[in-house]
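In the numbering used here, the protein residues as written are 1 to 204. Glycine included, C-beta positions come from ideal geometry on N, C-alpha and C. Accompanying notes for the structure given below.
The following block contains the structure:
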């Protein structure tokens, strides 16, 4: 009886693992190389990183020339910033997976890779965007927790604790430059030494 109970527990565990960590590509339903992979090789190769050279030097929005059309009329400087992807193609199911299964680690690894390609200093703290409309931990906070594990740097909400610190401001998605600028200014109100920002997705 005991062995049967143990077998039942293992079966339930396998079912839960399959539910939260699917063994198929989230984009095409094809086979993946390993159970923890979210995309197959072909779909992963379709992902396009945003080229900073093709972005506005002030707000990092899509540009024509040195600045975007909006900044030519009304400049909006973000400070040091990178946006990684546009939410299209294989990235759409990944975005849904982040919110459904609350898995921030795969996206945190992409951000860690991006940081390694910049000349930014290693931050003292990671400050994720908080969303009062989201119950529990926001997607930005989930990614921040994953990045905390990778970089061994604390992930904390914006507060007086970030004063005189080098801050990495982490955002899941930018949809409007004005809204993002306001959120960044809220972080700067706590007088950090410097604020660098990264957005996983950029819908502009």
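Apart from the 5 residues on each side of it in sequence, residue 187 sits with its Cβ closer than 8 Å to the Cβ of 127, 158, 162, 167, 169, 195 in its chain, given in chain order. With a cutoff of 8 Å on beta-carbon distance, residue 41 and residue 90 are scored as not near each other. In this structure, the beta-carbon distance from residue 175 to residue 203 falls below 8 Å.
Just measuring C-alpha positions, the residue of 85, 62, 130, 32 sitting nearest residue 72 is 62.
In the assembly as shown, residue 108 is a buried residue. Its beta-carbon has 16 or more other beta-carbons within 10 Å.
Here the alpha carbons of residue 101 and residue 110 stand approximately 18 Å from one another. Classified as exposed, residue 119 has fewer than 16 neighbouring CB atoms from the shown chains inside 10 Å of its CB. Contact between residue 104 and residue 66 does not hold, since their C-beta atoms are separated by about 35 Å, which reaches or exceeds 8 Å. Looking from the CA of residue 197, the closest CA among 125, 150, 88, 142 belongs to 125.
DSSP places residue 194 within a strand segment (E or B) once states are collapsed to three. In this structure, residue 172 lies near residue 139, with their beta-carbon atoms less than 8 Å apart. When secondary structure is reduced to three states using DSSP, residue 125 falls in the strand class.
Secondary structure of residue 100 (DSSP, three-state): helix. Closest in alpha carbon position to residue 59, among 24, 23, 85, 75, is 75.
Residue 156 sits in coil when the DSSP states are folded into three classes, being neither helix nor strand.
Taking the Cα positions, residue 81 is about 9 Å away from residue 52.
The beta carbons of residue 143 and residue 112 sit no closer together than 8 Å. In this structure residue 64 is exposed. Its beta-carbon is surrounded by fewer than 16 other beta-carbon atoms within 10 angstroms. Between residue 46 and residue 106, the CB-CB gap reaches or exceeds 8 Å.
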